[in-house]
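Everything in the sequence shown is counted per my numbering, starting at 777 for the first residue and increasing by one.
From the three backbone atoms N, C-alpha and C, an ideal C-beta is built for every residue, glycine too.
Heads up, the thing below is written out as structure tokens.
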Amino acid sequence: MNLKKSPHIHAAVQIAGCLLLLLCLGMSAACRQPDVVMYEVVGSIPAADIQVTSPDGTMDKYEDAGLPWRFTYEGFENAQAYVYAHNNTDEGSITVNIYVNGQLVRTATSTGPYVTAVTYWDR
Numbered sequence: 777m778n779l780k781k782s783p784h785i786h787a788a789v790q791i792a793g794c795l796l797l798l799l800c801l802g803m804s805a806a807c808r809q810p811d812v813v814m815y816e817v818v819g820s821i822p823a824a825d826i827q828v829t830s831p832d833g834t835m836d837k838y839e840d841a842g843l844p845w846r847f848t849y850e851g852f853e854n855a856q857a858y859v860y861a862h863n864n865t866d867e868g869s870i871t872v873n874i875y876v877n878g879q880l881v882r883t884a885t886s887t888g889p890y891v892t893a894v895t896y897w898d899r
């Protein structure tokens, strides 16, 4: 028996393979484990006003928080982590850092009177 390769079957197999790949990629993003996010604010000033994204997507505010300041959220599933810190003094520097699963992923520094340092991380 002589079997010929059908171009229709070949095309159907390629389409099915592409659909399976897309399904797997989509499921891996949907099944991603929550992250551990740590925000850190450091600087040459004694305190700062700080805002960070919480795991539920709201902004948590900490007024006149003593530096260095660190806060960790476990189970972080938001699309974005954001940290903002404002220097309320007439001199000094302030640095904001975002760590994800123990790795520094974003940092920003501002120097001068009444400056703000801001950074964010997209998941």
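In terms of residues, what are the limits of the beta strand (DSSP E) holding residue i?
i, result
"Asn877", "Asn877 -> no beta strand (DSSP E), and no H or E assigned at all."
"Ala857", "Gln856 to His862"
"Val891", "Premise fails: Val891 is in no beta strand (DSSP E) and is neither H nor E."
Provide the residue(s) that pair with residue i in DSSP beta bridges, ordered along the chain.
i, result
"Glu816", "Arg846 and Asn873"
"Asp811", "Phe852"
"Asp836", "Val828"
"Thr883", "Asn873"
Assuming residue i contacts residue j (C-beta within less than 8 angstroms), just tell me the rounded distance between them.
i, j, result
"Glu816", "Tyr875", "7 angstroms"
"Ala824", "Asn864", "7 angstroms"
"Thr871", "Gly819", "6 angstroms"
"Ile826", "Tyr860", "7 angstroms"
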